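One structure is given below, encoded as structure tokens.
Numbering (my numbering), first residue to last: 3 to 234.
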């Protein structure tokens with residue numbers, strides 16, 4: 003809305019519940035409440051009021067009604083200026099969401115980049131923003147792979163290092179948003195596509211439902227009752 007956007011993840015235990023109209027209304031209500039507030043964290047959002055109750059209580063009430071544990075897992079508030087454009091894209095019925103900000107009022111470019119992000123799941127915006135530990139791990143794996151190839155047994159270390167740099171650059175090209183081949187035109191990178199349209203990437207966020215959550219084998223009915231009882 004205007005110069006502010008919210009991307010959020012609300013979890014259910016099954017896909018079936020995620021298609022429930024009550025669940026969809028809950029997600030929309032939470033998003034609307036956050037958008038119209040100063041909340042920037044899940045903790046702050048949980049204390050906001052929706053339909054005469056806090057979001058935290060609302061989620062518990064919906065958990066009791068639907069019979070499956072529900073939770074507001076994460077959110078991010080993104081803002082822009084008047085000379086920037088939002089791009090948003092939902093994929094797989096909302097299982098993946100992407101939100102971008104592009105300098106220059108080109109909403110089509112912003113949406114194209116959001117769509118690309120949703121589909122290609124880049125690890126980072128550019129190579130400078132790839133976590134250092136990830137880069138080191140990748141370097142180590144690449145060097146081991148090169149050295150374990152019998153064809154490279156007699157090659158000096160400086161050649162091995164050059165080969166490793168080449169493979170690392172390929173890793174960046176495949177995993178960094180601005181260096182990836184643009185999904186709608188593989189002749190250019192995403193960064194080049196943005197520049198060709200007089201734009202500049204300001205911000206980009208991608209949420210995939212369940213990222214980083216280990217699948218747990220538990221008695222969901224007991225967990226739901228536990229959540230409800232904790233509010234009494």
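Glycine included, C-beta positions come from ideal geometry on N, C-alpha and C.
Owing to the predicted nature of the structure, the values given are computational and were not obtained by experimental measurement.
Residue 125 places its beta carbon 7 Å or farther from that of residue 171. As for any alpha helix (DSSP H) of minimum length 4 sitting wholly inside the segment 128-206, the runs are 134-149, 159-177, 192-198, ordered along the chain.
For the pair residue 190 and residue 78, the CB atoms are not nearer than the 7 Å cut-off.
Non-local beta-carbon contacts of residue 154 in its own chain, meaning distances under 7 Å to residues more than five positions away in sequence, involve 148, 162 in chain order. Listed as beta-bridge partners of residue 93 by DSSP are 98.
Taking C-alpha positions only, residue 61 is separated from residue 82 by approximately 30 Å.
For residue 119, the closest C-alpha among the options 134, 103, 133 is that of 103. Nearest in C-alpha terms to residue 74, of all of 128, 36, 194, is 36. A direct Cα-Cα distance of roughly 16 Å separates residue 136 from residue 214. Collapsing the DSSP output to three states places residue 41 in coil. Distance from the CA of residue 159 to the CA of residue 138, rounded to the nearest whole angstrom, comes to 18 Å.
In the same chain as residue 31, and ignoring 5 residues on each side of it, the C-beta atoms closer than 6 Å to its own belong to 52, in chain order. The Cβ-Cβ distance between residue 50 and residue 80 does not fall below 7 Å.
About 19 Å separates the beta carbon of residue 90 from that of residue 20, a gap too long to meet the 8 Å contact definition. Excluding its 5 nearest sequence neighbours in each direction, residue 39 has C-beta neighbours in its own chain below 6 Å: 50, listed in chain order.
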